[in-house]
Amino acid sequence: MMIPGTTSLLGRIREGGSQADWKAFVARYWRVIFGYARRHGLSDADAEDFTQDVLIELTRILPEFEYKKQHGVFHSYLRTITRRRLIDRMRSSNRQVSSSILPEPESIESEQWWETEWRRAILRQCLDEAATAVEPKTFQAFQLLVINGWNPKQVAEFLELSIDSVYQAKVRVSKHARMVLDRIHCEEEL
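Each residue of the sequence shown is one higher than the last, beginning at 4 in the working numbering.
Structure below.
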C-alpha cells in the first residue's frame, strides 16, 4: 500500500514499490556495493553474487526501514550493511582472510572511498538519465566536450554542429543531470 504523496524512492519501496522503483533502486546502489566487494578482494563473479545477496537482503529489510535523520543518509546505512555482510561472507568462506582486505570498522579512508564511489555512481545515474532525455547527438556533444575534454570547435566540426549548438548541448544535458541529482538528494533525505 502506497502512502499518498510519497515521493521518496525509499518511501515507495518501503510501501511495496513498483518494479520501476526497484529497478531505480538497483541502478542507484549496485555499482557501489559491487565496487566495495571488488576493493576487498572478491573476483568479478564473487562480487556480482555478493551484490545480489546484499540487494536481496535489502528487499527484506527495507519494508521495515525507518529513516532517522540523526543517523545520516541512506547510503551510510547501506555502507554499514554492506560492510557487515562482507565480513560475514569472508569469515564463512573458510579461506585465509588477509587483514589488508578485511573491511575496516569505520576508518576515514574507508568512508572516503565509499563517499567517492557513491558520488561516481550518482553521477553515472544522472548522466544515464540525462542521455535518455535528450537527442543522441546532443548527448554526444556533451560527452565529447565535458567528459572527453575536447574543445568546442573540435566537437562542432566532428558532429557537424555550430559552436553555439555545442554549448547548448552542454547546458541541456547539465540541466537534466542536475534535476536528477536534486531528485536523488531529496529522496535520500526523506
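Every residue gets a Cβ at the ideal spot worked out from N, C-alpha and C, and that includes glycine.
Every value quoted in this text rests on a predicted model; they were computed, and no experiment measured them.
Query raised in the report: Per DSSP, what kind of secondary structure is S21 in: helix, strand or coil?
Result: Locating residue 21 in the sequence shown gives position 18, where the first residue counts as 1. Here S21 sits in coil by DSSP.
Query raised in the report: Do R42 and W116 have their C-beta atoms within less than 9 Å of each other?
Result: Your numbering for residue 42 matches position 39 in the sequence shown. Your numbering for residue 116 matches position 113 in the sequence shown. Yes. Within cutoff.
**Report entry** CA-to-CA distance, T62 to M5, given in whole angstroms
**Finding:** Looking up residue 5 in the sequence shown gives position 2. Looking up residue 62 in the sequence shown gives position 59. Legend: pLDDT at M5 = 35, less than 50; position of this residue unreliable, no value from coordinates given.
Report task. Below 8 Å on the Cβ atoms is my guess for V137 versus R175; work out the distance and round it to an integer in Å. Result -> For the purposes of this step, residue 137 is identified with residue 134 of the sequence shown, where counting begins at 1. For the purposes of this step, residue 175 is identified with residue 172 of the sequence shown, where counting begins at 1. Distance from V137 to R175 at the Cβ level is roughly 5 Å; contact confirmed, criterion being Cβ atoms closer than 8 Å.
Requested in this report: With distances taken Cα to Cα, identify the nearest neighbour of G195 among Q55, F145, P66, W33.
Outcome: Since the displayed the chain opens at 4 and closes at 193, residue 195 lies outside it and no answer follows.
Query raised in the report: Taking buried to mean at least 16 other C-beta atoms within 10 Å of its own C-beta, is P155 buried or exposed?
Result: Here residue 155 is taken as the residue at index 152 of the sequence shown, counted from 1. That one is buried.
Query raised in the report: Can you give, in chain order, each stretch of the alpha helix (DSSP H) that sits fully within the stretch 149-189 and has at least 4 residues?
Result: As far as the stretch 149-189 is concerned, its whole alpha helix (DSSP H) runs of at least 4 residues are 155-162.
Query raised in the report: Can you tell me whether Q22 is buried or exposed, with buried defined as 16 or more other CB within 10 angstroms of its CB?
Result: Within the sequence shown, numbered from 1, the residue matching residue 22 stands at position 19. Exposed is the call here.
Report task. Let me know if S57 comes out buried or exposed under the rule of 16 or more other beta-carbons within 10 Å of its beta-carbon. Result -> Locating residue 57 in the sequence shown gives position 54, counting from the first residue. It is Val, not Ser, that sits at residue 57 in the sequence shown. V57 sits buried, since 16 or more C-beta atoms from the chains shown fall within 10 Å of its C-beta.
**Report entry** Backbone CA spacing between K178 and H188 [nearest angstrom]
**Finding:** Translated into the one-based positions of the sequence shown, residue 178 becomes position 175. Translated into the one-based positions of the sequence shown, residue 188 becomes position 185. Across the structure, K178 and H188 are spaced so that their CA atoms are roughly 15 Å apart.
Query raised in the report: To the nearest whole angstrom, what separates the beta carbons of T85 and I36, a pair I think is in contact under 8 Å?
Result: The count along the sequence shown starts at 1 and reaches residue 85 at position 82. The count along the sequence shown starts at 1 and reaches residue 36 at position 33. The Cβ separation is near 5 Å, so the contact holds.
Query raised in the report: Nearest-angstrom Cα distance between T141 and L130?
Result: Here the question's residue 141 lines up with position 138 in the sequence shown. Here the question's residue 130 lines up with position 127 in the sequence shown. C-alpha separation (whole angstroms): 12 Å.
Query raised in the report: Are the beta-carbon atoms belonging to E118 and Y39 less than 9 Å from one another?
Result: As a position in the sequence shown, residue 118 is number 115, starting the count at 1. As a position in the sequence shown, residue 39 is number 36, starting the count at 1. Contact flag unset, no.
Requested in this report: Report buried or exposed for T54, applying the criterion of at least 16 other Cβ atoms within 10 angstroms of its Cβ.
Outcome: Counted from its first residue, the sequence shown places residue 54 at position 51. Counting C-beta atoms within 10 angstroms of its own C-beta, T54 has 16 or more neighbours from the protein chains shown and is therefore classed as buried.
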